[in-house]
Amino acid sequence: MYVPFENLPEESRIWIYQSNRKFSDAEFSEIEKDLQQFLESWAAHGTSLEASYQLKYNRFIIIAVNQEVQAATGCSIDASVVFIQSLEQKYQVDLLDKMNVTFKLGEHIAHKPLIDFKKMVKDKAVTENTIVFNNLINNIQEYNESWEVPAIDSWHSRFF
């Protein structure tokens, strides 16, 4: 069951998918319709999941579930991955590769393989103050507080 993102409690579990390229506005509009349709029917063991999403920077898909109402289970999580894989195929993008880093270079959002990011650190093209997207967070509270942070305040700090 779809609910507005702001109506979910801060403890709600989230999954963040980053695209290896920027989506067009038209693509993001289609993705939004597909997401709402998916979330309306998303269930765990026959019980609807109270879920929502956010789309950010024409690059990120964030899915959230209120675990207090009904926890996402293995099968329901698998269904969401199948849905994300269908978006990958439809738009010819990579949304599941966690070995990539997305970060801000001024107003531009850059997306690089981890090895390239490490090289940028070594070359001082990015610094401890570079804003990175910490996609390893687990709930809405962490999303609100720790998603867009200086590299030194995330798992990326190990490269400095």
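Each residue of the sequence shown is one higher than the last, beginning at 186 in our numbering.
Glycine included, C-beta positions come from ideal geometry on N, C-alpha and C.
Contact criterion: CB-CB distance below 8 Å. Does residue i meet it with respect to chain B?
i, result
"Gln222", "Absent from the structure is chain B; it holds one protein chain and no more."
Measuring only the C-alpha atoms, how far is residue i from residue j?
i, j, result
"Thr232", "Ser214", "28 Å"
"Trp332", "Asp308", "25 Å"
"Met347", "Ile269", "The requested residue 347 is not part of the displayed model; the chain covers only 186 to 345."
"Gln252", "Ala336", "29 Å"
"Trp227", "Ser261", "7 Å"
"Tyr187", "Ala236", "5 Å"
"Ala229", "Glu217", "22 Å"
"Asn323", "Val250", "11 Å"
"Val311", "Phe318", "14 Å"
"Tyr276", "Ala264", "19 Å"
Starting from residue i, trace the alpha helix (DSSP H) in both directions and tell me its first and last residue.
i, result
"Glu212", "Asp210 to Ser226"
"Phe268", "Gly259 to Tyr276"
Report the three-state DSSP secondary structure of residue i (helix, strand or coil).
i, result
"Ser204", "coil"
"Ser237", "strand"
"His341", "helix"
"Leu299", "helix"
Give me whichever residues DSSP pairs with residue i in a beta bridge.
i, result
"Arg127", "Here the chain covers residues 186 to 345 and nothing more, so residue 127 does not appear."
"Glu333", "Phe318"
"His293", "Leu290"
"Ala229", "Thr232"
Could you round the C-beta distance between residue i and residue j to whole angstroms and report it? I think they count as a contact, below 8 Å.
i, j, result
"Met284", "Leu299", "5 Å"
"Tyr242", "Ile294", "5 Å"
"Phe344", "Lys303", "5 Å"
For the beta strand (DSSP E) containing residue i, list its first residue and its last residue.
i, result
"Phe288", "Asn285 to Leu290"
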